[in-house]
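Everything below concerns the one structure shown next.
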Amino acid sequence: MKDFTEEEIERLLFHELQKQPPVTLSPEFSEKVVTRLSRKTRPASMGMYFLLLLLGLAGVAAAYLYFFGNMQQLTESVAVLLPYKWVILFTLLFLVLIQYFDQQLIRRKMPLG
Amino acid sequence: MFNEKDLVSKILAGDLHAFGRLVTGYEKLVFNIVNRVIDHPEDVEDVCQEVFIKVYKGLRGFAFQSKLSTWIASIAHRTALNELKKNGRKVWMAPMEEPVHLLSGGDDPEKTVIRKDVSLYIQQLIDQMPSQYSLVITLFHIHEFSYQEIEEITGMPLGTVKGYLFRARKLLKEKLECFLKKETI
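Now the structure itself:
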């Protein structure tokens, strides 16, 4: 077998240096990134916030019934809270709106808008 | 490949598939940089994902003052270095062992074996080099960045980039010469 000249060695080296390394990322890498991003940026809808609010209220009512007795006590408690209904409703609505606009703000700061 | 400005506009307009195309277009570049800096192969993919999340978040601020590839590469380099700081430094490897012979036999067996071995041998040598050497080699030869672009990506001074590249190639050439001499005896 013939010896390699210096020029051949250099050419061989430069040829090899331009080759991609054999290891690489998984074939579905870009899909993983896009999925991760879409999960991060998916905005929660207003309807979902209200649904969560209703579920939360239902949960509180169920816990109240379970731990503190019967339906009569619950209606009495509701009657006590009735004069403050607007304060309670507006406070809850205010909290939901803060969450919603916070999401909107985050979305605007992200490139996908 | 694709028109970078069009692609970026589409991404900024909310097209996630366009971002998927950008990821596909630059994943090798990002992988090669992260892989040269980080020593734990199991972490490389996670760090690459982190890089693209940063690219996505920072895209609105990218004003095409440099090439998109240079900008993405510099994010990849910074992210990999931060990860390295969190999880410990890359180990400088001991001098390499002899490479495994891939093939034997065939129509022109000796020449084929040497070619295949050279490929493997050089890849092993690059993998075992200090990360700044292998990184500069990768950026210059595989991704064809200029000295100035490598300076921008890595933050190394221009002279250092040239020095690393020169020394890395010299080292590889010397090792390859020895290897080929041994193989042809």
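Sequence order for the protein chains is X and Z. The working numbering applies: residue 1 is where the first sequence begins, and numbers increase by one. The working numbering applies: residue 1001 is where the second sequence begins, and numbers increase by one. All residues carry an ideal CB built from backbone N, CA and C; glycine is no exception.
Excluding its 5 nearest sequence neighbours in each direction, Z:Gln1132 has C-beta neighbours in its own chain below 8 Å: Thr1154, Met1156 and Tyr1164, listed in chain order. In this structure, Z:Glu1045 is the residue among Z:Gly1014, Z:Ala1013 and Z:Glu1045 with its C-alpha nearest to the C-alpha of Z:Glu1027.
Here DSSP, grouped into helix, strand and coil, assigns X:Phe4 to coil.
For a Cβ distance threshold of 7 Å, nothing in chain X lies close to Z:Asn1087: the least Cβ distance comes to about 19 Å. In chain order, Gly1020 make up the part of chain Z whose C-beta sits under 8 Å from the C-beta of X:Glu31. Sequence-distant partners of Z:Leu1029 (beyond 5 residues in either direction) whose C-beta falls short of 8 Å from its own C-beta, in its chain, are Ser1069, Ile1072, Ala1073, Ala1076 and His1143.
For Z:Pro1041, the enclosing alpha helix (DSSP H) begins and ends at Pro1041 to Gly1058. Residues of chain X whose Cβ lies closer than 7 Å to the Cβ of Z:Lys1028 are, in chain order, Gln20 and Thr24. Judged by DSSP in its simplified three-state form, Z:Phe1145 adopts coil rather than helix or strand.
Within 10 angstroms of the beta-carbon of X:Val80 lie fewer than 16 other beta-carbons, which makes it exposed.
Taking 9 Å as the CB threshold, X:Val34 lines the interface with chain Z. Within the same chain, and ignoring the five residues on either side of Z:Leu1081 in sequence, the residues whose Cβ sits closer than 7 Å to its Cβ are Val1037. Sorting Z:Ala1018, Z:Gln1123, Z:Val1008 and Z:Ser1134 by C-alpha distance to the C-alpha of Z:Gly1061 places Z:Val1008 at the top. Interface flag for X:Ile98 against chain Z is unset, since no Cβ pair is found closer than 9 Å. Closest by C-alpha distance to Z:Ile1122, out of X:Phe4, X:Thr5 and X:His15, is X:His15. Taking a beta-carbon distance threshold of 9 Å, Z:Phe1031 counts as an interface residue toward chain X. Its chain contains Leu1158, Val1161 and Lys1162 as the residues whose beta carbon lies nearer than 7 Å to that of Z:Tyr1147, once the 5 sequence neighbours on both sides are disregarded; these appear in chain order. Its chain contains no residue whose beta carbon lies nearer than 8 Å to that of Z:His1141 once the 5 sequence neighbours on both sides are disregarded. Cα atoms of Z:Leu1120 and Z:Leu1012: separation of roughly 42 Å, rounded to the nearest angstrom. When C-alpha distances from X:Val33 are compared across Z:Lys1057, Z:Cys1178, Z:Val1023 and Z:Lys1067, the shortest belongs to Z:Val1023.
Taking the CA atoms as reference points, X:Pro27 sits about 16 Å from Z:Asn1035. Here DSSP, grouped into helix, strand and coil, assigns X:Thr24 to coil.
Proximity of chain X to Z:Ser1009 at the Cβ level (cut-off 8 Å) is not reached, the minimal Cβ distance being about 11 Å.
By the CB criterion at 9 Å, Z:Phe1031 and X:Leu37 fall outside the cutoff. In this structure, X:Leu53 places its C-beta atom within 9 Å of the C-beta atom of X:Val96.
In this structure, Z:Lys1010 lies near Z:Ala1018, with their beta-carbon atoms less than 9 Å apart. Distance from the CA of X:Arg39 to the CA of X:Gln18, rounded to the nearest whole angstrom, comes to 37 Å.
Residues of the same chain with a CB within less than 7 Å of the CB of Z:Glu1050, apart from the 5 flanking positions on each side, are Thr1079 in chain order. Under the 9 Å criterion on CB atoms, Z:Tyr1056 is classed as interfacial with respect to chain X.
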